[in-house]
Amino acid sequence: MRLITHNMLKCHVKNCTDPDRQFPLRFKDVQLEQIEAERNDEFLVRMLPRIDWPALLKTTKELGIELPETVPDAPADDEGFLQALHTAILETHVRQGTMLCDGCSHEYKITNGIANMLLAEHEI
Amino acid sequence: MGLPTPSTAHLSQEKYETVYEPAEDTYLLLDALESDRLQLQEQTPTICVEIGSGSGCVSAFLAQVLDPHHALILSTDINPAANMATQETAASNKCDGCASDQIRTRFAQAMDVRLCGKIDVLLFNPPYVVTPTEEIDATAEASAWAGGRHGREVLDILLPNVASMLAPRGRFYLVVIEQNKPEDIIALLKGDGLDGERVLSRKAGREHLSILRFIKA
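Here the protein sequences come in this chain order: F and S.
Counting with my numbering, you get residues 1 to 124 for the letters of the first sequence.
Counting with my numbering, you get residues 125 to 341 for the letters of the second sequence.
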């Protein structure tokens, strides 16, 4: 699972509703893999508005991945920014590990790069 | 002939026993996407979601239809074997342009809040077979085809959310059979502001299949 996908995941346990704590999900005991991929700047610029930047920043800091604090005014022209963004969101894969919700303590497991977001009956 | 159908030879492995193998319904959806290739590319979709990806054939094909355009393709399924199959299909039919990830979840749960109003292309080949309600999700295999009353019980959970999930100009492609009452589905989504039509139809055995396409203004 790429970090761009993680940026789309939010805890959905019943009654877990504090937006500041249910997103982003906190990584625990993760195994990361960097897989090179061809960079497409046009795609990165299109994806940018859909990214929750504070969440991505928080997550990359937790994982020790470089990412600029703020999005530049003209991202399309900023080579350094685009490369850092590309590496963080598309080339960084989480293979195994756990995602923890700070709001309700629910743990979602990641196996073979696939996050299990299914909940038990009482959690829905 | 158009784009090649993604290879799913790996599905013969025992670990993929419970995964729905591509069939006429799958191929009809591929045909509908291929017919719309120009329009889909012009739309420049950024985020695409396939619900119930099964073998991953459709998600992999979407990547080819969009090529050389780049998009993020998120494929969901409740069956973990289907998640793995989808991953393997994406890897063996490599389309470098699209970033494909798989999530084990029901519909688009856990992502739907973040993706609200942001899904450019939504695909669903639902469990559409008319069965007793009890058969829905009874087994991993049944989760792929058992649709309960009018074959609509699973689909009906998703339908009220489709309009809000889609981005402006977003598209929803759905596989149905006549028993699912396609005209009713079109009318229902029209009420939510989605312009729908039957774009392709085919008889396969006893099933009269159709692809419905909905576009948000």
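Virtual Cβ for every residue (Gly too), placed ideally from N, Cα, C.
CB contact flag (residue i, residue j, <8 Å)
i: S/A184; j: S/N217; result: yes
i: S/L186; j: S/I175; result: no
i: S/G294; j: S/V254; result: no
i: F/L25; j: F/L100; result: yes
i: S/V286; j: S/N203; result: no
i: S/F338; j: S/G315; result: no
i: S/L324; j: S/A156; result: yes
i: S/L290; j: S/F231; result: no
i: F/V45; j: F/Q96; result: no
i: S/A206; j: S/S177; result: yes
i: F/V71; j: F/L32; result: no
Listed by chain order, chain S residues near residue i by CB distance under 7 Å
i: F/E38; result: D220
i: F/N15; result: What F/N15 touches in chain S: nothing, since even the nearest Cβ is about 15 Å away.
i: F/F27; result: Going along chain S, no residue has its Cβ under 7 Å from F/F27, so there is no contact; the nearest lies around 15 Å.
i: F/K10; result: A234, V237, R238
i: F/R2; result: A223, D225
For residue j and residue i, believed in contact at Cβ under 8 Å, the rounded distance
i: S/A234; j: F/H122; result: Rounded, the Cβ-Cβ distance is 17 Å, inconsistent with contact.
i: S/D201; j: S/T213; result: No, S/D201 and S/T213 are not in contact; Cβ-Cβ is about 12 Å, not under 8 Å.
i: S/Y92; j: S/G271; result: In the structure displayed, chain S extends from 125 to 341; residue 92 of chain S sits before or after that span and is not available.
i: S/L152; j: S/R326; result: 5 Å
i: F/Y108; j: F/T98; result: 7 Å
i: S/E145; j: S/S179; result: 6 Å
i: S/L239; j: S/I310; result: About 24 Å; that fails the 8 Å criterion.
i: S/V299; j: S/P306; result: At roughly 10 Å, the Cβ-Cβ gap does not stay under 8 Å, so S/V299 and S/P306 are not in contact.
i: S/Q226; j: S/S199; result: 5 Å
i: S/K340; j: F/R50; result: In fact, because the Cβ distance is near 16 Å, the residues do not count as touching under 8 Å.
i: F/D18; j: F/G80; result: The pair is not a contact, with the Cβ atoms about 35 Å apart (cut-off 8 Å).
i: S/E259; j: S/A268; result: That pair is no contact at about 11 Å.
i: S/L333; j: S/D149; result: 6 Å
Chain-ordered neighbours of residue i on chain F, where CB pairs are closer than 7 Å
i: S/L198; result: T5
i: S/I171; result: R50
Contact set between residue i and chain F, taken where Cβ atoms lie within less than 8 Å
i: S/T168; result: R46
Proximal residues of chain F, C-beta to C-beta of residue i below 9 Å
i: S/H332; result: The premise fails here: S/H332 is roughly 33 Å from chain F at the closest Cβ pair, so nothing lies under 9 Å.
Cutoff 8 Å: residue i Cβ touching any chain B Cβ
i: S/S136; result: This model lacks chain B altogether, as its protein chains are F and S.
*Okay, do the stretch 114 to 123 of chain F and the stretch 5 to 19 of chain F touch, 3+ Cβ pairs below 8 Å being the bar?*
yes
_Under 8 Å (Cβ pairs) to chain F, residues found in the stretch 202 to 231 of chain S_ = I202, P204, N207, M208, Q211, D220, G221, A223, D225, Q226, I227, R228, T229, R230
_Sufficient close CB pairs (3 or more, under 8 Å) joining the stretch 76 to 95 of chain F to the stretch 31 to 51 of chain F_ = yes
_Tell me whether the stretch 47 to 57 of chain F and the stretch 129 to 136 of chain S touch, counting them as touching only if at least three CB pairs, one residue from each stretch, are closer than 8 Å._
no
*Is it a yes or a no for the stretch 267 to 287 of chain S touching the stretch 61 to 72 of chain F, going by three-plus beta-carbon pairs under 8 Å?*
no
*Just by C-beta distance, which residues in the stretch 105 to 117 of chain F are closer than 9 Å to chain S?*
Correct list: Y108, T111, N112, G113, I114, A115, N116, M117.
*Within 9 Å of chain F by C-beta, residues of the stretch 236 to 261 of chain S in sequence order*: D236, V237, R238, L239, K242
*Would you list, in chain order, the members of the stretch 72 to 93 of chain F that have their beta-carbon closer than 9 Å to a beta-carbon of chain S?*
The stretch 72 to 93 of chain F vs chain S, Cβ under 9 Å: I89, L90, H93.
*asked:* Against chain F, which members of the stretch 183 to 198 of chain S pass a CB distance test of less than 7 Å?
replied: H194, L196, L198
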